[in-house]
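K.L.:
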Amino acid sequence: MKKVRTPYLLLLPGMGFLLIFFIIPIFNLAQTSTQTALGGGDTGQYKQTFRFANYVDAFVENREQFARSFVYAIIATALALLIAYPLAYAIAFKGGRLKNVMLVLVVAPFFTSFLLRTIAWKQILGEEGFVVPPLRALGIISQSTTLTSSSIAVVAGMTYNFLPFMTLPLYASIDRIDPRTLEASGDLYANGFTTFRKVTLPLSMPGVVAGTLLTFIPAAGDYVNAAILGSPQTKMLGNVIESRYFRIVDYPTAAALSFTLMAAILILVTIYVRRAGTEELV
Amino acid sequence: MRKVSRWFGRNLIRIYAVVAFTYLFIPVAYTFAFSFNDSRKSNLVWQGFTFANWQNPCGAPEVCSALGNSIKIGFLATFFSTILGTMIAFAIGRYNFKGRSTTNLLIFLPMATPEIVLGASLLSLFLVFQINPGFWPTVIAHVLFCVSFVVVTVKARIASLDPRLEQAAMDLYADERETFRRVTLPLVAPGIAAAALLAFSLSFDDFIITNFNSGTMTTFPKFVYTAAARGIPAQANVIGSAMFFLALAIVIIGQVVGRKRKVS
């Protein structure tokens, strides 16, 4: 009898916490998303009218930012994967005694606040940084070309900031590969590329899936990189939600946009996980 | 010449690792370098070397109270999320019970929800119950996004345990409680420590959820974000760099202690 009860007792506090502070707020957000403004009175006062057209309005009005969020997040995730895979591979197979040190180094930049690092990039790539003036002097870029305040800068910032989230799961997966499987592949006359395509990559797929999810999800909802490194032309959905909440106090639109974002991410993630063939999510 | 190119080919992946790490550390080095900048007002252009910022890290208004809030919130969020998360991890990792897959889904969902949605939904809950955003709402928000990461980390450690060790303890007449206390828990402890470290760094560096739920209270990331518009004081660079070296020192000491323990 005791055995049956133990897991539920262990779960109770944590699940209770998630119920109150995650599930209920999500339902509450859903409620807010169909409210309309009280006429005439103060801003920020709303009543429930089940106006589902809020979703249509919010989407139509912000479809550009919506598309941008997903395009930026997908490009940043792909770039992070390309940069992180060889790095994770190097740590797992060539790290030797330095393996743990290298792992710490991957996470270490976290401790200098990511905002400080993003602002550092802004200054490094900015007008007075040490990159733009020499490039201009050498004629590599024109006098009017800037590296910040562009979509490229925003995507680059996102790629940089989420790189550790990509590298760690990739490392965990690659590190588990038995090097003898790679030797066996070589013994069977596979060249380096074939070995990678047919042995290393399939065996590291759980890491690829986990890493891309951990990068894509926060990237799609991010607004800090766009706020610091971008311009009004690079606004993402996150920027819109933030300003609807704090500057315009338009809670229903903000809630509808949040919900659309969450639903879109969940749908994409489900399709992706199905395709990748790893049902084991976490 | 051929020797050189062959050496290059063989070490390509190592050279790549060096380049990748350089890329990761450029902004950290920049932040560190500009913590020595003799900046009067804005820390944008190099104006000369000084130790003044390091001697007076609280020199800029609000920067140290923001840091203090971040540290307090970080410790509280780490404490609660580690306890809740470890309990859940043991339930999932050790028992087969009805509703296990639902539990797994409920753990995964907060991680699949963008921070801005978590932050916004929690804020609307607080608004409904007329709770003012501030210190404790921020702690709750941080526990919320840390719990899932703790569960995943500790669960992985539990899954990698050799069940024979616990069986051996039982064979040696240890009862369930003693086995847990003297065998299972010490073996899972490194996983719990890693989870706590992860939770603290996630909490300490969080901006988006904090921005939604902290009201007028400032945390260190919030301070940096607000200050960015008018130029960040060099003191912020001092604190960022100091945190970096402190964290590095803690991890290195942890490694050395862990290795010594293994030897003895």
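Chains P and S are the protein sequences, given in the same order.
Residue numbers for the first sequence follow the numbering used here, beginning at 21 and rising by one.
Residue numbers for the second sequence follow the numbering used here, beginning at 36 and rising by one.
Glycine included, C-beta positions come from ideal geometry on N, C-alpha and C.
Keep in mind the model is a prediction, meaning the values are calculated, not measured.
#1: Residues in the stretch 105-116 of chain P with C-beta within 9 Å of chain A's C-beta atoms, listed in sequence order?
#2: For the stretch 268-282 of chain P against the stretch 162-170 of chain P, are there 3 or more C-beta pairs whose distance is under 8 Å?
#3: Judging by CA-CA distance, which residue of 246(P), 258(P) and 98(P) is the nearest neighbour of residue 277(P)?
#4: Look at the alpha carbon of residue 146(S) and the alpha carbon of residue 118(P), and state the distance between them as a whole number of angstroms.
#5: Could you name the residues of chain S that residue 140(P) contacts, counting a contact when the two beta carbons are closer than 7 Å?
#6: Name, please, each residue of chain P whose Cβ falls closer than 8 Å to the Cβ of residue 283(S).
#7: Find the residues of chain P that neighbour residue 286(S), judging by a C-beta separation of less than 7 Å, and give them in chain order.
#8: At least one CB of chain S closer than 8 Å to the CB of residue 137(P): is that the case?
#9: Taking CB distances under 8 Å as the criterion, tell me whether residue 178(P) reaches chain S.
#10: What in chain P is Cβ-close to residue 273(S), meaning under 7 Å?
#11: Give a yes or no on whether 8 Å exceeds the smallest Cβ distance from residue 256(S) to chain P.
#12: Please classify residue 242(P) as buried or exposed, where buried requires at least 16 other C-beta atoms within 10 Å of its C-beta.
#13: Do the CB positions of residue 41(P) and residue 48(S) come within less than 8 Å of each other?
#14: If the cut is a Cβ gap below 8 Å, which residues of chain P does residue 145(S) touch?
#15: Starting from residue 67(P), trace the beta strand (DSSP E) both ways and give me its first and last residue.
#16: Would you call the stretch 200-216 of chain S and the stretch 78-93 of chain S touching, i.e. three or more CB-CB distances under 8 Å?
#17: For residue 64(S) and residue 70(P), what's the separation of their Cα atoms in angstroms?
#18: Against residue 290(S), what residues of chain P qualify as contacts under a CB-to-CB distance less than 9 Å, listed in chain order?
#19: When the distance is taken between beta carbons, is residue 230(S) closer than 8 Å to residue 109(S)?
#20: For residue 159(S), which residues in chain P fall below 8 Å Cβ to Cβ?
#21: Just verifying my parser: in three-state terms, what is the DSSP assignment at residue 168(P)?
#22: Pull up the DSSP beta-bridge partners for residue 56(P), would you.
#23: Does the beta carbon of residue 201(S) come closer than 8 Å to any beta carbon on chain P?
#24: Just grab the DSSP bridge partners of residue 46(S) for me.
#25: Under the assumption that residue 213(P) contacts residue 50(P) (Cβ atoms under 8 Å), give the Cβ distance between them as a whole number of angstroms.
#26: Using DSSP with H/G/I as helix, E/B as strand and the rest coil, what is residue 84(S)?
#27: Please check the pair residue 152(P) and residue 158(P), which I expect to be a contact at CB under 8 Å, by giving their CB distance rounded to whole angstroms.
#28: Taking the alpha-carbon positions, what's the residue 100(P) to residue 269(P) distance?
#29: Please report how far the alpha carbon of residue 152(S) lies from the alpha carbon of residue 42(S), in whole angstroms.
#30: Which stretch, first to last residue, makes up the alpha helix (DSSP H) that contains residue 256(S)?
#31: Please give the ranges of any alpha helix (DSSP H) in the stretch 228-270 of chain P, keeping only runs that are unbroken, at least 4 residues long and fully inside the region.
#32: Using 8 Å as the limit for Cβ to Cβ distance, is residue 210(S) near chain P?
#33: Measuring straight from C-alpha to C-alpha, what distance separates residue 21(P) and residue 27(P)?
#34: Would you tell me roughly how many angstroms separate the C-alpha atoms of residue 98(P) and residue 236(P), rounded to the nearest one?
#35: Measure the beta-carbon distance from residue 116(P) to residue 141(P) and round it to whole angstroms, keeping in mind my assumption that it falls under 8 Å.
#36: Short of 7 Å in beta carbon distance, which residues of its chain neighbour residue 34(P), apart from the five on each side in sequence? Order them along the chain.
P.N.:
The answer reads as follows:
#1: No chain A appears in this structure, whose protein chains are P and S.
#2: no
#3: 258(P)
#4: 31 Å
#5: 62, 65 and 66
#6: 124, 128 and 131
#7: 124
#8: yes
#9: no
#10: Those do not exist, as residue 273(S) stays about 11 Å from chain P at its closest Cβ, beyond 7 Å.
#11: yes
#12: buried
#13: no
#14: 38 and 42
#15: 66-68
#16: no
#17: 53 Å
#18: 120, 121 and 124
#19: no
#20: 45, 48, 49, 52, 271 and 275
#21: coil
#22: 67(P)
#23: no
#24: DSSP lists no partner for residue 46(S).
#25: Their Cβ separation, rounded to whole angstroms, is 49 Å, which puts residue 213(P) and residue 50(P) out of contact at 8 Å.
#26: strand
#27: Not a contact, Cβ separation roughly 11 Å.
#28: 35 Å
#29: 50 Å
#30: 255-263
#31: 244-249 and 257-266
#32: no
#33: For residue 21(P), the predicted model reports a pLDDT of 40, less than 50, meaning its position is unreliable and no value from the coordinates is stated.
#34: 9 Å
#35: Not confirmed; about 32 Å, so no contact.
#36: none
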